[in-house]
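Below: the structure, in structure tokens.
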Amino acid sequence: AEQRFSRFLVGSSLSLLNRDRVRRDSALAEIVRYALAMHEVTDGAFDARVGAAMNAAGYDRTFERLPSDGVVQTLAFAPPIAALHIDVNDDEVRLDSVGTIDLGGIAKGWTVDRVSDALERAGCRNYLVDGGGDIRAAGCDERGEPWVVGIGEGLAVRLQDAAVCTSSTRRRRWSTRRVANATDTAGMDAHHIIDPATGAPSRSAIVEAVVIADRATLADVLATTVIAAPDRGLRAVDARGASALVLQAGRWEMTPGMERWLT
190 AEQRFSRFLV GSSLSLLNRD RVRRDSALAE IVRYALAMHE VTDGAFDARV GAAMNAAGYD
250 RTFERLPSDG VVQTLAFAPP IAALHIDVND DEVRLDSVGT IDLGGIAKGW TVDRVSDALE
310 RAGCRNYLVD GGGDIRAAGC DERGEPWVVG IGEGLAVRLQ DAAVCTSSTR RRRWSTRRVA
370 NATDTAGMDA HHIIDPATGA PSRSAIVEAV VIADRATLAD VLATTVIAAP DRGLRAVDAR
430 GASALVLQAG RWEMTPGMER WLT
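Have a look at this one:
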């Protein structure tokens, strides 16, 4: 999946799309099509067109390659997110106008679903697929019980025929130093979750969101969206029959229905 969807690998299918503005790749077309659908479901709170905004915020390399002092020199301008038009036609994705896309808020969940669906087609009814924290489970564990999955800080959920994904701004954070007209200017604390309405890192009070949904792709998108734009994100959680656990002001709060998953 990383070879296809990483924004940081110059040879990935996504990087080639952002560079060449057109790319024929069935998997890329499928995930971009789903990202566009999620943009509608979340009333615009999830937007794959945030690639340039993420670069402008300083997230232009993998987190492991950020400077040791945690200060990133950034550009002062990114094209408006809404200026980029994405067209998907069969296996072809085309980008018109300026801007780039990022699939960080959907790719892991989508990959987990692809693996899970393949297992089910092969007749497997009891499984747990862990895509680096984005998890989908079906059936039971070796004891015949629902799968117990830790979600941090001593919390755990009992997962059965569902997926759980977590998004957080507590770990991937840095400070920026903006550069305009060759002059360093004061920057800000930044993170990797962009509010599409502002084109800047979200200033939401929610710093972590755990979402349980029927599929990992949906849970992944909703977890990101709840932090990026809480009002619209939580409405989408409710509308899609999902459940969320959020951390804000040092307290965990949950949406209706989440309690049935907690151990």
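Taking this note's numbering, I'd label the letters of the sequence shown as residues 190 to 452. Glycine included, C-beta positions come from ideal geometry on N, C-alpha and C. Because the structure is a prediction, the values reported are computed rather than measured.
Item                                                                                                                                              : Value
Quick check: the Cα distance between D249 and L292, rounded to an integer number of angstroms?                                                    : 14 Å
Work out the CA separation of G247 and A371 for me, nearest whole Å.                                                                              : Confidence in A371 is poor, its pLDDT being 42 and thus under 50, which makes the residue's placement unreliable; the coordinate value appears in the next sentence. Taking the straight line from one Cα to the other gives about 17 Å.
Taking the alpha helix (DSSP H) that L423 belongs to, which residues open and close that run?                                                     : P419 to A428
Report the residue from D306, L284 and A433 whose alpha carbon sits nearest the alpha carbon of A326.                                             : D306
Helix, strand or coil for T355, going by three-state DSSP, please let me know.                                                                    : strand
In chain order, what residues of the same chain lie with their CB nearer than 6 Å to the CB of W299, ignoring the 5 residues before and after it? : I220 and T406
Beta-carbon within less than 7 Å of A216's beta-carbon, same chain only, minus the 5 sequence neighbours each way: which residues are those?      : R193
Check Q192 in the structure and name its three-state DSSP category.                                                                               : helix
Do the stretch 197–209 and the stretch 338–348 touch if we need at least three Cβ pairs shorter than 8 Å?                                         : no
Apart from the five residues on each side of it in sequence, which residues of its chain come closer than 6 Å, Cβ to Cβ, to M227?                 : F235 and V410
Quick one: what's got a C-beta closer than 6 Å to R424's C-beta in the same chain, skipping five residues either side?                            : none
What is the rounded straight-line gap between the Cα of A412 and the Cα of G430?                                                                  : 14 Å
Just the Cα atoms here: how many angstroms apart are R222 and E334?                                                                               : 36 Å
For C329, is the classification buried or exposed, using 16 other Cβ atoms within 10 angstroms of its Cβ as the cut-off for buried?               : exposed
Can you tell me whether DSSP reads V318 as helix, strand or coil?                                                                                 : strand
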